[in-house]
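**Q** Quick one: the structure is below, and I'll ask about it shortly.
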Amino acid sequence: MINNNLITAKNKIGTTALNFAAAFGNVEIAKAMLKINGELPNIATRGDNPMKPLFMAASAGLGWSFFIPRLGWLEMKRLKYLSLV
Numbered sequence: 001m002i003n004n005n006l007i008t009a010k011n012k013i014g015t016t017a018l019n020f021a022a023a024f025g026n027v028e029i030a031k032a033m034l035k036i037n038g039e040l041p042n043i044a045t046r047g048d049n050p051m052k053p054l055f056m057a058a059s060a061g062l063g064w065s066f067f068i069p070r071l072g073w074l075e076m077k078r079l080k081y082l083s084l085v
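Under full-length UniProt numbering, the first residue of the sequence shown carries the number 1, and numbering increases by one thereafter.
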């Protein structure tokens with residue numbers, strides 16, 4: 001069973017599972033994680049250029065145009081997905 005400790009765990013540079021799901025466009029996994037913890041989109045990586053999950057998705061060529069149709073604008077806003085920095 002996925003729990004909050006697993007989905008908030010970070011690797012050496014602070015990347016979470018949501019960062020990877022966003023970067024690879026795995027919306028269903030992202031939705032499942034967001035149901036467990038709606039604050040995940042606000043967890044940034046560490047280092048000189050910290051990145052939040054949506055920024056990682058955009059860097060991978062995904063982003064607003066990918067996530068809004070799948071998650072919906074109101075859902076993204078509710079989950080604070082819109083705060084990029």
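The beta carbon of each residue, even a glycine, is placed where N, CA and C say it ideally should be.
No experiment lies behind these values; they were computed from the predicted model shown.
Which term fits residue 85, buried or exposed, when burial requires 16 or more other beta carbons within 10 angstroms of its beta carbon?
**A** With a pLDDT of only 37 at residue 85, under the threshold of 50, the placement of this residue in the model should not be trusted, and no figure is reported.
**Q** Going by DSSP in three states, residue 37 sits in which element: helix, strand or coil?
**A** Note: residue 37 maps to coil in three-state DSSP.
**Q** What does a CB cutoff of less than 6 Å around residue 10 pick up in its chain, not counting 5 residues either side in sequence?
**A** Once the five neighbours on either side are set aside, the close Cβ partners of residue 10 are 16.
**Q** So, helix, strand or coil for residue 31, using DSSP?
**A** Correct three-state label for residue 31: helix.
**Q** Please report the distance separating the alpha-carbon of residue 12 from that of residue 42.
**A** When rounded, the distance between both Cα atoms is 18 Å.
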